[in-house]
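Peer 1:
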Amino acid sequence: MIIRIEQIYRYPVKGMRAERLERGQLVPGGGLKHDRAFAFTSGNLPPPQGSDGWSPARSFLQITIYPQLAGFSAQVDEGAGSICITSPDGETACSPLDASGDPAADALMNRHFRPGPECGIRMHRIQQPPGHWDFDDTTVSIINLASVEWLEYVSAMTLSGLRFRGNIYVSGLEPWEEFSLTGKTVRIGKTRLKLLRPALRCAATSADPWSGDTSIDVPGMMRHYLGHMFCGIYAKVLEGGDIFEDDRLRLEEDEPFNPVTRLPSNAPDPLLWPRAAVVDRSSDGQLSLRPQDDNWQFLPANAGARVIVHPGLDHMGDAVRTALAETSSPERMPLAGDGLDGLMDGARVIVSGPVPLGKGRA
């Protein structure tokens with residue numbers, strides 16, 4: 010398996026268009042240099058205090074609520090030490106990269122957006138990693154282009170991978186095979202990244218990355234065709250350095266993976282994360298699943314707990330909702346129910362669960 014970088018993108022201003030890079034610099038403890046370094050306050054909550062703390066997403070203009078942000082672009086010029094913001098009508102305002110705010114940029118945005126009741130629309134810069142990210146432990150997102158292409162095929166729609174606002178777009182994986190990499194460490198050139206968890210997608214993916222049009226319900230499409238709303242995987246930079254288009258991702262040996270270690274409170278429940286598993290069929294026809302990766306075992310649950318087998322790998326049909334036939338163990342999930350007769354012994358599948366009855370949604 011050869012996993013290769015096809016495209017690199019950063020988002021200097023949260024919610025605005027992507028900036029494509031032939032070379033990106035990964036910062037230890039952060040992400041791509043200048044990625045999501047800036048955002049504009051929305052005025053819906055009190056303004057953020059300081060430039061190094063976390064603030065709720067509603068504090069800022071975000072594409073989920075303001076899809077017209079997709080019409081704005083931001084370009085970083087490191088040589089000039091500036092960031093230039095261009096509106097859909099061609100008006101441009103440039104600010105110093107080290108500034109926490111700028112009157113010209115503020116004025117441009119206030120001409121296009123109505124501020125909320127708490128404050129005006131102002132540029133906000135976070136000096137320290139991870140920038141304006143939704144989680145404080147993830148600073149890079151990796152998108153499998155084959156997964157986007159599969160979603161295009163089954164939906165008969167053209168869906169740019171930029172809807173998923175990834176940083177690193179890769180080829181060489183099967184559709185949804187990125188989920189099998191959760192918990193692993195990868196090396197890209199001189200850099201190293203820890204792949205933390207699948208990326209749960211929200212309404213922001215429904216905004217066209219150029220026009221902001223929201224006529225395509227991408228989360229709804231994913232629920233319908235996949236039985237989940239995850240696409241891509243979040244990563245943390247362990248060792249920094251430069252990455253380039255056409256670089257390869259090399260997997261390293263890993264220790265056992267515990268998904269709940271230092272999990273942010275707003276991250277999705279690990280029981281719902283899609284992951285790779287392998288089919289075992291006994292001589293009497295009983296079907297069970299075992300982890301594809303022994304370093305990431307199942308969470309035990311009682312009989313009746315819900316399990317979903319999703320499209321991906323050797324099962325490309327509809328999502329199949331089933332349940333545990335008996336109590337599972339870290340190494341085995343015995344399944345009950347129909348819909349999986351076509352899966353051969355040794356087949357690889359994407360699965361989520363087991364989710365105990367009365368807990369979460371599966």
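Add 9 to the 1-based position in the sequence shown for this note's numbering, that's all there is to it.
All C-beta atoms, glycine included, are put in the ideal place defined by N, C-alpha and C.
The structure presented is a predicted model; accordingly, all values stated were derived computationally and were not measured.
Once the 5 residues before and after S82 are set aside, which same chain residues still bring their CB inside 8 Å of it?
Peer 2: M25, R26, E28, I94, T95
Peer 1: Rank S220, T101, E127 by C-alpha distance to the C-alpha of D115 and give the top, closest one.
Peer 2: T101
Peer 1: Using only the alpha-carbon positions, how far apart do S338 and P273 sit?
Peer 2: Approximately 26 Å between the Cα atoms of the pair.
Peer 1: By the three-class DSSP mapping on this structure, what secondary structure does M325 have?
Peer 2: coil
Peer 1: Report the partner residues of I92 according to the DSSP bridge assignment.
Peer 2: V85, S104
Peer 1: From the DSSP output, in three-state form, read off P300 for me.
Peer 2: strand
Peer 1: Which class does M118 belong to by DSSP, given the choice of helix, strand or coil?
Peer 2: helix
Peer 1: Would you call the region 156-164 and the region 209-224 in contact, with 3 or more CB pairs under 8 Å?
Peer 2: no
Peer 1: Taking the continuous beta strand (DSSP E) assigned at H133, which residues delimit it?
Peer 2: In the DSSP assignment, H133 falls within the beta strand (DSSP E) that extends over 132-134.
Peer 1: Residues in the same chain with beta-carbon distance under 7 Å from V316, minus the five sequence neighbours each way, listed in chain order, please.
Peer 2: T331, A332, L333, M342, L344, V360, G362, P363
Peer 1: In this structure, how does DSSP classify G221 when only helix, strand and coil are distinguished?
Peer 2: In the structure shown, G221 adopts coil according to DSSP, grouped into three states.
Peer 1: For the region 165-240, which segments carrying the beta strand (DSSP E) assignment without a break, of at least 3 residues, lie completely within its bounds, in sequence order?
Peer 2: 177-180, 194-197, 200-209
Peer 1: Less than 9 Å between the C-beta atoms of T73 and A216, yes or no?
Peer 2: yes
Peer 1: Please list the terminal residues of the continuous beta strand (DSSP E) segment that includes F289.
Peer 2: Before going further, note that residue 289 is Asp rather than Phe in the sequence given. Here the beta strand (DSSP E) through D289 covers 284-290.
Peer 1: What did DSSP end up calling A371 once you bin it into helix, strand or coil?
Peer 2: The predicted position of A371 is uncertain, since its pLDDT is 49 and thus under 50; no value can be drawn from it.
Peer 1: Over the uninterrupted beta strand (DSSP E) stretch that includes R357, give me the two end residues.
Peer 2: 357-364
Peer 1: Verify whether the separation of the beta carbon atoms of R206 and T167 is less than 9 Å.
Peer 2: no
Peer 1: Do the CB positions of F47 and H121 come within less than 9 Å of each other?
Peer 2: No.
Peer 1: Cα separation between K199 and G125?
Peer 2: 45 Å
Peer 1: Whose C-alpha, out of A66, L281, G39, R259, is nearest the C-alpha of P365?
Peer 2: L281
Peer 1: If I measure Cβ to Cβ from H319 and keep anything under 8 Å in the same chain, skipping five residues before and after, which residues do I get?
Peer 2: W185, L235, G236, H237, P283, A328, V358, I359, V360, S361
Peer 1: From the DSSP secondary-structure annotation, give me the bridge partner or partners of S150.
Peer 2: Y243
Peer 1: So which of A208, S104, D263 has the shortest CA-CA distance to D302?
Peer 2: D263
Peer 1: Around the C-beta of I11, are 16 or more other C-beta atoms found within 10 angstroms, so that it is buried, or is it exposed?
Peer 2: exposed
Peer 1: In the DSSP assignment, what residue or residues form a beta bridge with G250?
Peer 2: Per DSSP, L35.
Peer 1: Report all residues from its chain with a CB closer than 6 Å to the CB of G33; omit the five preceding and five following residues, and keep chain order.
Peer 2: I17, L41, I252
Peer 1: Buried or exposed for L117, please, with buried defined as at least 16 other CB atoms from any protein chain shown within 10 angstroms of its CB.
Peer 2: buried
Peer 1: Any idea what DSSP makes of E264, helix, strand or coil?
Peer 2: In the structure shown, E264 sits in coil (DSSP, three-state: anything other than H, G, I, E or B).
Peer 1: Under three-state DSSP, which class holds P343?
Peer 2: strand
Peer 1: Hey, out of C211, C240, I177, whose CA is closest to A7's CA?
Peer 2: The displayed coordinates of the chain run from 10 to 371. Any statement about residue 7 would go beyond what the structure contains.
Peer 1: For I135 and L182, I'd like the C-alpha separation in whole angstroms.
Peer 2: Distance between the alpha carbons of I135 and L182: 34 Å.
Peer 1: Leaving out five residues before and five after R232 in sequence, what residues of the same chain have Cβ atoms less than 8 Å from its Cβ?
Peer 2: M238
Peer 1: What separation, rounded to the nearest whole angstrom, lies between the Cα atoms of N119 and G52?
Peer 2: 11 Å
Peer 1: Going by the DSSP bridge assignment, what does V316 pair with across the sheet?
Peer 2: T331
Peer 1: Give the DSSP bridge partners of T50, in chain order.
Peer 2: Bridge partners of T50: F69.
Peer 1: Assuming L204 and V288 form a contact by the criterion Cβ under 8 Å, report the distance between their Cβ atoms to the nearest whole angstrom.
Peer 2: That pair is no contact at about 24 Å.
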